[in-house]
Each structure stands twice: as structure tokens, then as C-alpha cells.
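Following: one structure in C-alpha cells, then a few remarks.
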Amino acid sequence: MDTLRWLHLSDVHFSDGESYEIKRMRDSIIDKMKEVFEKNKVDFVVLSGDLAYQGGGYDANLKKFIESLVDVSGVSIDELFIVPGNHDLKRTQMRSVLLNGMRTEQFKFEKETIEQLQKDFKKYMTFYNKVKGENSNYIYRLVKKEKYNIFLMNTAFTAGTDEDDGKLILEIDSFYNEIKQLKDQENCINIAIGHHPISCFMNGIQKKIWNNFNDFNIDFYLCGHLHKGAYDYDLSGGRTIPTYQCGSGRVDNYATVTFIIGELDMDTKKGKLISYKWLKDEECWAIGGIDGRRAVPGEMEINLDRFKQDSNVYVEDEDLDEDEFRRFMMKFHEKLKHSGMEDINIDPKDVFENFQI
115 MDTLRWLHLS
125 DVHFSDGESY
135 EIKRMRDSII
145 DKMKEVFEKN
155 KVDFVVLSGD
165 LAYQGGGYDA
175 NLKKFIESLV
185 DVSGVSIDEL
195 FIVPGNHDLK
205 RTQMRSVLLN
215 GMRTEQFKFE
225 KETIEQLQKD
235 FKKYMTFYNK
245 VKGENSNYIY
255 RLVKKEKYNI
265 FLMNTAFTAG
275 TDEDDGKLIL
285 EIDSFYNEIK
295 QLKDQENCIN
305 IAIGHHPISC
315 FMNGIQKKIW
325 NNFNDFNIDF
335 YLCGHLHKGA
345 YDYDLSGGRT
355 IPTYQCGSGR
365 VDNYATVTFI
375 IGELDMDTKK
385 GKLISYKWLK
395 DEECWAIGGI
405 DGRRAVPGEM
415 EINLDRFKQD
425 SNVYVEDEDL
435 DEDEFRRFMM
445 KFHEKLKHSG
455 MEDINIDPKD
465 VFENFQI
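Counting in the numbering used here, the sequence shown runs from 115 upward without gaps.
Right, dumping it as C-alpha cells:
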């Protein structure tokens, strides 16, 4: 069976002088992954934002942690996909003034404005280059692979205030220029990755995102930000597009510390998510960590709507059991008679004669 597998973490929030509880979990997560990946490695690893805590912590410890994730997962550095979060930027007065002036759905970005906003990701970009050995000076980027495609979104591009949720916007031109390259990728698995749930964008922007996800073959969206594992489904564009949200990677009194393993049968386009959560008091890992009834067992199904067969499609080479069909027609005729619909022009004798071998 040809299977696509991935590891998803988010909001690891590295910082200086971390507590015992955080260090204990970080050391343990690598050991747990060694156990999980003993039989099956993954094809790629996702870190969906907030690598650092409040813009700091891009140090050797974070780099070593990420390298350990890559090593234990059995992937190359090219199969590590990272997007920034709202903690991966520097908050400044200038940024706040800019954001407050541009938060409208019709805002048009000029080159100088884009460059100014990107300056606040300088520390993140420097660290990214050290880890990946490549430039991250983009807002949206499509990465094409053999079995799958990844659409990377810097959803934090217009973040950086205390009131971001519901007010984020797109740089719509570069967003469209990248995502439209998936138009001819209908036979591939296409995955979008960002830090924020789509609900963090302005209402009209949310519609544009889902419209483009629908029209350009995005199958599901991976994100973080809220420090809780969760799932959601958008049906606004004619098919169902799931969002799978990973919990946090930092121990505190609010977060659910989680990592998620996804796997998908490339033939049936069906699969599952398996989530693992850190039990703070017991100091060990257990199955679970995604809120919602569908995820109560610790696993939840993936069934990609884009690949579902049309129930109205006629399949020519499917064998017809003539005896079964004849019995059905006879019963159907009897029901019509008992219902008082005697003028229906179906003669059971015709059924017998036309299906004689």
C-alpha cells in the first residue's frame, strides 16, 4: 500500500531559561517519536508557526530540537516545512500603525509596505536560513513534490497586535499567483499550511481563501495558534475541506501539548490522524489531544471529498446480476399495485421475457 505519512507540530515557543516542566516534555517527545516511528517513518514534517516565544529563543537549543525531529522522522531537510507565527515577528509601534491603517478587505499593498512588514520577521528568516539553507523571504509559496504539493502561507504577515483575530488580511495578488499553479494538480494531494485558523481573517477574506482552496484543489489545511488540538470543516465552496489544528509544544496551565501523525492511503485517498498529548502530572504521553467527538478515540478519519466518486457516474464494467434485478422488478410491481398505482405501464411478464438467458 502506497501511504503518505506526516508529522505535525505547532507553537513550540522556545525561549531562554525554560522551566523543568518544559524541558522534561521536550526531551520526552523525541523519545516518544522514536517509539512511534520505529516501524514507519514519515514523508514530511510540518512546524506550523510560533517557533519562538515572543520573538526570542532562536538559539542553538531550538536548532538542535528541530534537527532531532528531522532525524527521528527519517526525512531530509527538504521535507521539513515551516511557516512563521505571530510570535515569530518583532512587534513595533510602526508595525501597529501600519496594520491599523490597512485592515480593510479592499486594501492594496504597495512594494514598500510589503518590505516594511517583512522586516519584522528578520530574526525568524535568519534562523530559517540556518536550518533549511534557503531563503524564506516570501509570503506564500508552492512546493511541488512527487506524491504531494505543499502551499505555504505566512498568515502572520498582517499579525502583530493584541487584536489580530478576525482582522488578518491577504496580500491577494501574490496569494493568487502562487495558489493558481495548483490548477492542473487535481491528481495530487494538495496541502495548505499556515499558522492561524482561517477564521482569524476578516470575513470577506475568509471567503476568498476558501474559494481559492476549492478552485485550486487544496485538500486540507494544517494550522496551530490556539494551543488546542481541533478540527473543522468548510463546506462553502461545494465540497468539504477539513482544517486540522495542532495543539501547543510548550507546557503551561492552558495549552494542550500535542503532536499529530497523519497517514493517507494514496490509492483510496482515505486515512487517519493519530494524536498524542502530554500528561503534565503523569509526565508521559498518551493517545489524544484533539477536541471533538470524532477524535475521542485518539484517532479520526480522513476522507478527501475531492476524490470521492460521483454516485451518479455510470460504471460500464460493473456486472449486473440479472436474477436479482428481475426479483427487484417483480417486488416493485407488486408494491405499485398495493399502492393503488395500477395504471403504471410495467408488465412483470416483460421483465421475465426480456431477461431470459
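Even for Gly, the Cβ is constructed at its ideal location relative to N, Cα and C.
If you're wondering where the values come from, they're calculated on a predicted model, not measured in any experiment.
DSSP bridge partner residues for residue i (one or two, in chain order)
i	result
Ser362	Val371
Gly131	Answer is none; Gly131 lacks a bridge partner.
Asn304	Asn263
Tyr238	In DSSP, Tyr238 forms no bridge with anything.
Ala344	Gln359
Lys391	Thr372, Ala400
Tyr335	Ala306, Thr357
Ile416	Gly385
Leu282	Phe315
Between the CA atoms of residue j and residue i - distance to the nearest angstrom
i	j	result
Asn367	Gln295	43 Å
Ala400	Val371	11 Å
Ile303	Phe327	13 Å
Val63	Val197	There is no way to answer for residue 63, as the model of the chain reaches only from 115 to 471.
Pro287	Ser142	First, the residue type needs correcting, since residue 287 is Asp and not Pro in the sequence shown. Approximately 43 Å, taken between the alpha carbons.
Gly412	Lys259	29 Å
Ser350	Lys321	8 Å
Leu256	Glu396	41 Å
Ala273	Pro356	23 Å
Gly308	Leu266	6 Å
Met139	Trp392	7 Å
Thr117	Lys146	22 Å
Thr69	Lys222	Since the displayed the chain opens at 115 and closes at 471, residue 69 lies outside it and no answer follows.
Asn214	Gly247	34 Å
Ala270	Glu132	25 Å
Asn200	Glu226	21 Å
Cys314	Tyr290	19 Å
Tyr347	Phe151	29 Å
Tyr134	Cys398	14 Å
Ile384	His122	Note on identity: in this sequence residue 384 is Lys, with Ile being the wrong assignment. Taking the straight line from one Cα to the other gives about 18 Å.
Lys261	Lys155	16 Å
Val159	Glu193	6 Å
Simplified DSSP assignment, three categories, for residue i
i	result
Asp164	coil
Lys383	coil
Gly215	helix
Thr354	coil
Arg255	strand
Leu349	coil
Leu121	strand
Asp116	coil
Ile228	helix
Gly403	coil
Tyr428	Only weak support is given to the placement of Tyr428: the predicted model assigns it a pLDDT of 42, under 50, and the value that follows is read from those uncertain coordinates. Of the three classes helix, strand and coil, the one that applies to Tyr428 here is coil, per DSSP.
Ala273	coil
Leu296	helix
Gly247	coil
Met316	coil
Phe327	helix
His222	Going by the sequence as given, residue 222 is Lys instead of His. Of the three classes helix, strand and coil, the one that applies to Lys222 here is coil, per DSSP.
Lys321	helix
Glu377	strand
Lys137	helix
Phe289	helix
Lys422	coil
Stretch-stretch touch, CB-based, cutoff 8 Å, three pairs: the segment 170 to 184 with the segment 118 to 130 = yes
Counting pairs of beta carbons, one from the segment 185 to 193 and one from the segment 350 to 363, are three or more of them closer than 8 Å?
-> No, because fewer than three Cβ pairs between the segment 185 to 193 and the segment 350 to 363 fall closer than 8 Å, the two stretches do not touch.
Check whether the segment 394 to 414 touches the segment 333 to 352, taking contact to mean three or more Cβ pairs, one atom from each stretch, closer than 8 Å.
-> With a cut-off of 8 Å, the segment 333 to 352 and the segment 394 to 414 count as touching, because enough Cβ pairs lie within range.
Taking only runs that begin and end inside the segment 154 to 208, name each unbroken beta strand (DSSP E) of 3 or more residues, in chain order.
-> 158 to 162, 194 to 197
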